[in-house]
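What follows is a short report on a single structure.
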Amino acid sequence: LPGFEVVECSPGEVDALVGEFARTPFDLAVDRPVRVRLFSAGPGVAVLVVLAHHIATDGWSEGVFVRDLGRAYAARREGGLPGWEELPVQYADYALWQRDVLGAPDDPDGLLFQQFDFWREALDGAPEVLALPLDRARPPVPSHRGESVRFEIDAELHAALARVAKEHGCTLFMVVQTALAVALSKAGAGEDVPLGTPVAGRTDPALDDLVGFFINTLVLRTDTSGDPSFGELLQRVREADLAAFDHQDVPFDLLVEELNPERSTAHHPLFQVTVALNPAFADASGFDRAGTPEITTVDTGVAKFDLAVGFVERRDGSGGAAGLSGVVEY
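For the sequence shown, my numbering begins at 8 and goes up steadily by one.
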């Protein structure tokens, strides 16, 4: 891979060197959208860091990449080649298909035109800026410097959340979204809480094994007015979410152009807080013969939004709840 480097270092230097590498911004005018560096810290100790710009990858792609990296590593250790099967489609095929399916924005019979109608109604009157309890004035131009806090939800609480979801005919994501909306509302964000959330955008199984940027962003609006019970609020969220997911094909940047909210360099349009729930993606089976590695994310020191709350759901061997790994990026 062009640009791949091996850096010899001591075990005590690894964390600082990884952090420095991860926090170096991409310049796509001169950089490739992927950087790889191996930090070798003595016999049997190595850290492989892969940085990928969001223009080239998404959350789903991480699982595909880790799986393929494991297979490639296992094959190379045996002195062979991975033996890849040719993918049924490439990213360019997807781009052409998307353009064909969505149609022109001014075509009344086109999918794009019809979904614009839904979003105009769904987001009519939504707050342009969520009233978060900030600890300082919002700067006119954000630096995007950020930090993150990680936490764990144990298997018992995970199972309880799943039971709540089942009892109300909801998904676990809807329970998490509702809880976050309640927390923000109680903290002073008001009774109309728009949250951004990523959707995979892979509507055809042929895309499952393809690395690329397929993700789209939806705005999910939560109405907490009237002092509803949590169950009542869950039903509101369920109804609003299902309608939004049925109209998920409009690319977010085109939606912003169409709705044309008041533009400001100080805040993100339509929402400033995101919520996400993803399955654990790490399939590192190809590494087993070398010992199971620790696969983790690296804090890049960047926050795209005011607040981003994300969860990774773990399951045990029988498919039962095994806990949630959470992160709050701010």
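A virtual CB, placed ideally from N, CA and C, is assigned to each residue, including glycine. These numbers come from a predicted model, not from an experiment.
Starting from F46 and walking both ways along the beta strand (DSSP E), at which residues does that stretch end?
As a position in the sequence shown, residue 46 is number 39, starting the count at 1. From DSSP, the beta strand (DSSP E) with F46 extends over 41 to 47.
Among residues of its own chain, excluding the 5 on either side of A273, which ones have a beta-carbon nearer than 8 Å to its beta-carbon?
Reading the sequence shown from its first residue, position 266 is the one you call residue 273. Around A273: R145, P146, P147, V148, P149.
Can you find the residues in the same chain that come closer than 8 Å, C-beta to C-beta, to G176, ignoring five residues on each side of it along the sequence?
On the sequence shown, position 169 is the one that residue 176 refers to. Answer for G176: R245, listed in chain order.
Going by Cα to Cα distance, which pick from R321, V309, F318, D313 is closest to E154?
Working through the sequence shown from its first residue, we reach residue 154 at position 147. Ranking the options by Cα distance to E154, first place goes to V309.
On a Cα-Cα basis, can you pick out the residue from M181, V189, P201, V183 that is closest to P134?
Taking the sequence shown and counting its residues from 1, one reaches residue 134 at position 127. Ranking M181, V189, P201, V183 by Cα distance to P134 puts P201 first.
Identify which residue in V13, L35, T224 has its Cα closest to the Cα of V25.
As a working mapping, residue 25 is identified with position 18 in the sequence shown. Looking at the Cα atoms, V13 is the closest of the given residues.
I need the straight-line Cα distance from S271 to G324, nearest angstrom please.
Within the sequence shown, numbered from 1, the residue matching residue 271 stands at position 264. Within the sequence shown, numbered from 1, the residue matching residue 324 stands at position 317. In a straight line, the C-alpha of S271 is about 48 Å away from that of G324.
Just to confirm my understanding: we take L168, look at its own chain, exclude 5 residues before and 5 after, and list those with CB closer than 7 Å. What are they?
Taking the first residue of the sequence shown as position 1, residue 168 is located at position 161. Result list for L168: L179, V182, in chain order.
Assign E336 to one of two classes, buried (16 or more other C-beta atoms within 10 Å of its C-beta) or exposed (fewer than that).
As a first step, residue 336 must be located in the sequence shown, where it is residue number 329. That one is buried.
When the Cβ atoms of the segment 247 to 266 are set against those of the segment 120 to 128, are three or more pairs found closer than 8 Å?
Taking 8 Å as the limit for Cβ pairs, the verdict is that the segment 120 to 128 does touch the segment 247 to 266.
Does the Cβ of C317 have 16 or more other Cβ atoms within 10 Å, making it buried, or fewer, making it exposed?
Position 310 of the sequence shown, counting from 1, holds the residue named residue 317. It is Gly, not Cys, that sits at residue 317 in the sequence shown. With 16 or more Cβ atoms within 10 Å of its Cβ, G317 is classed as buried.
Would L255 pass as a contact of V189 if the rule is Cβ separation under 8 Å?
On the sequence shown, position 248 is the one that residue 255 refers to. On the sequence shown, position 182 is the one that residue 189 refers to. According to the sequence displayed, residue 255 carries Gln and not Leu. Going by C-beta atoms, Q255 is not nearer than 8 Å to V189.
Would you decide whether Q97 is buried or exposed? Buried here means 16 or more other CB atoms lie within 10 Å of its CB.
For the purposes of this step, residue 97 is taken as residue 90 along the sequence shown, with counting starting at 1. So Q97 ends up on the exposed side.
Should D313 be labelled buried (16 or more other beta-carbon atoms within 10 Å of its own) or exposed?
Looking up residue 313 in the sequence shown gives position 306. Buried, because 16 or more other Cβ atoms sit within 10 Å of the Cβ of D313.
Going by DSSP, what residue range makes up the alpha helix (DSSP H) through A287?
Residue numbering aside, residue 287 sits at position 280 when the sequence shown is read from its first letter. No alpha helix (DSSP H) holds A287; DSSP gives it neither H nor E.
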